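One structure is given below, encoded as structure tokens.
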Amino acid sequence: MVLTALSVISVDASREHKELHVPAIFVFGDSLADAGTNTFIPQVTVRADFPPYGKTFFWKPTGRFTNGRTIVDFISQKLELPFAPPFLQPHASFIKGVNFASGGSGLLESTSEDRHVVSMSAQVQLGATQDLCSRPYKSQFWDWAHPTEHVVSILADLLITGNTTMAYPINLKALAAL
Numbered sequence: 001m002v003l004t005a006l007s008v009i010s011v012d013a014s015r016e017h018k019e020l021h022v023p024a025i026f027v028f029g030d031s032l033a034d035a036g037t038n039t040f041i042p043q044v045t046v047r048a049d050f051p052p053y054g055k056t057f058f059w060k061p062t063g064r065f066t067n068g069r070t071i072v073d074f075i076s077q078k079l080e081l082p083f084a085p086p087f088l089q090p091h092a093s094f095i096k097g098v099n100f101a102s103g104g105s106g107l108l109e110s111t112s113e114d115r116h117v118v119s120m121s122a123q124v125q126l127g128a129t130q131d132l133c134s135r136p137y138k139s140q141f142w143d144w145a146h147p148t149e150h151v152v153s154i155l156a157d158l159l160i161t162g163n164t165t166m167a168y169p170i171n172l173k174a175l176a177a178l
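Positions 1 to 178 (full-length UniProt numbering) are the ones given, in order, by the sequence shown.
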């Protein structure tokens, strides 16, 4: 199971104006949230910095494991924040947030060690040999494991404003208002 963790830190909600104000976003996760961190690690084998990644929004590869934006990008846009840059990106501004996510990572350091299972990096390499979605605007998955930008947009909306059936126990908007 792929786990993506999103941590919104330093939430300041104005109770008088009922406005949602989130000053920064700090992202921790795997390939579902990676904004290009792996692009800045020369020895990494899990990469998305080549075509056709990024083709439907950025029009070029960005290191994101999707045809466009990640769910974190959509959440940032909804919160009126810039996309959180990878923490290894030279000369990036981290005032509004930073993205530590790295594709191929797991919850535990030992995710693929001594378990005789296919490691996350091996899964990505195997997945790279499969066909990518030829119609990302009409499909749910971009490749073997990653949803298309359209699906990610819907998921971001559900995380931010969805009811408890969709965002349990609380959505991000209600969490920020606490």
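Where a beta carbon is used, it is the ideal one built from N, C-alpha and C, also for glycine.
Owing to the predicted nature of the structure, the values given are computational and were not obtained by experimental measurement.
For valine 98, no alpha helix (DSSP H) run applies; the uninterrupted beta strand (DSSP E) run containing it begins and ends at 97–99, by DSSP.
C-alpha of threonine 66 to C-alpha of leucine 32: approximately 8 Å in a straight line.
Under the three-state reduction of DSSP output, valine 27 falls in the strand class. Under the DSSP definition of a beta bridge, proline 86 partners with Asn99. Note on serine 102: 16 or more other CB atoms within 10 angstroms of its CB, so buried under the neighbour-count rule. Within the same chain, Val44, Val46, Arg47, Ala48, Asp49, Gly63, Ser102, Gly103 and Gly104 come within 8 Å of asparagine 38 by CB-CB distance, once the 5 residues on both sides are set aside. Ranked by Cα distance from leucine 81, the options His21, Leu88 and Ala35 are led by His21. Non-local beta-carbon contacts of lysine 96 in its own chain, meaning distances under 7 Å to residues more than five positions away in sequence, involve Ala24, Leu81 and Pro82 in chain order. A straight line joining the alpha-carbon of glycine 162 with that of leucine 88 spans about 33 Å. Valine 152 is positioned such that its CB atom lies closer than 8 Å to that of phenylalanine 74. Looking at Ala92, Ile71, Lys138 and Lys173, the one whose alpha-carbon comes closest to that of isoleucine 154 is Ile71. With contacts defined by Cβ atoms closer than 8 Å, alanine 35 and proline 85 form a contacting pair.
Pairing alanine 167 with leucine 178 gives a Cβ-Cβ distance that is not under 8 Å. According to the DSSP assignment, lysine 78 belongs to the alpha helix (DSSP H) that extends over 71–78.
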